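Each residue of the sequence shown is one higher than the one before, starting from 4 at the first, in the numbering used here. Ideal placement from N, C-alpha and C gives every residue a C-beta, glycine not left out. These figures come from a predicted structure and were not determined experimentally. Working notes, structure below.
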Amino acid sequence: MKKTNEEWNIVDVLSHSRHDWMNKLQLIKGNLSLNRHDRVQQIIEEIVIEAQSESKLCNLKMLSFASLLMTFNWNRHHYSLEYEVLGSIEDLSHYDLQVTDWCRQFFQILDESVDRCSENHISITIETEANKGQVRFFFDFKGIITEKAILLNWLKSNESNQVSVMHYELSPDELTVTVGVT
Numbered sequence: 004m005k006k007t008n009e010e011w012n013i014v015d016v017l018s019h020s021r022h023d024w025m026n027k028l029q030l031i032k033g034n035l036s037l038n039r040h041d042r043v044q045q046i047i048e049e050i051v052i053e054a055q056s057e058s059k060l061c062n063l064k065m066l067s068f069a070s071l072l073m074t075f076n077w078n079r080h081h082y083s084l085e086y087e088v089l090g091s092i093e094d095l096s097h098y099d100l101q102v103t104d105w106c107r108q109f110f111q112i113l114d115e116s117v118d119r120c121s122e123n124h125i126s127i128t129i130e131t132e133a134n135k136g137q138v139r140f141f142f143d144f145k146g147i148i149t150e151k152a153i154l155l156n157w158l159k160s161n162e163s164n165q166v167s168v169m170h171y172e173l174s175p176d177e178l179t180v181t182v183g184v185t
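In structure tokens form, the structure reads like this:
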């Protein structure tokens, strides 16, 4: 069952978070029992990077956007999502609702446009440049795109007064989109 961010209660969040942590601990435990210490170290480094990314995302003060990204993989989608924040930490709360709304729509269109049986993945990079006052979002999708026309039409027609599509490239197995906010 898909839930919107408003439908997540504290018990749901803690339950999903605990499940994620148990999976990570099982990976560590399994690799330790196989004496794969290099792999254990790698898993721990991945966990640290993920926690740092969550911290940076939350510090941007975009609460709805952070909630959308952090809970995305807890819902059923036809692709998985990861993210990172590059640059200085800024208060971007004034962009929160516009960016969240744009991303929600984009994620839904993408869900409808990809092959449901393929291993699809999107990586989002949020780049802040304090000295230039710019914030950009880079969406890099890898997987099988079955409905290119739907995606193209949506990208061409969905901008808001704060969110603008600066660049995009689309092929049958890759989509890159650069979005700027002002």
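Counterpart residues of residue i in DSSP-defined beta bridges
i	result
residue 88	129
residue 137	132
residue 117	148
residue 142	127 and 180
Where residue i sits in the DSSP three-state scheme
i	result
residue 181	strand
residue 172	strand
residue 147	coil
residue 81	coil
residue 167	strand
residue 39	coil
residue 64	coil
residue 95	coil
residue 12	coil
residue 76	helix
residue 26	helix
Rounded distance between the beta-carbons of residue j and residue i, thought under 8 Å
i	j	result
residue 106	residue 144	Not a contact, Cβ separation roughly 13 Å.
residue 178	residue 148	6 Å
residue 127	residue 171	Actually they are not in contact, since the Cβ atoms of residue 127 and residue 171 sit about 14 Å apart, beyond 8 Å.
residue 139	residue 181	6 Å
residue 31	residue 43	6 Å
residue 47	residue 34	About 10 Å separates the two Cβ atoms, so there is no contact after all.
residue 94	residue 135	Not a contact, Cβ separation roughly 16 Å.
Reference residue i; option with closest CA among the options
i	options	result
residue 59	90, 79, 74 and 43	90
residue 49	77, 125, 65 and 24	24
residue 156	136, 109 and 37	109
residue 79	26, 175 and 123	123
residue 3	36, 102, 131 and 136	Nothing about residue 3 can be read from this structure; the chain reaches only from 4 to 185.
residue 142	88, 21 and 54	88
### Query
Are the stretch 116-125 and the stretch 149-163 touching by the rule of at least three beta carbon pairs closer than 8 Å?
yes
### Query
Is the stretch 98-113 in contact with the stretch 151-170, if contact means three or more CB pairs nearer than 8 Å?
yes
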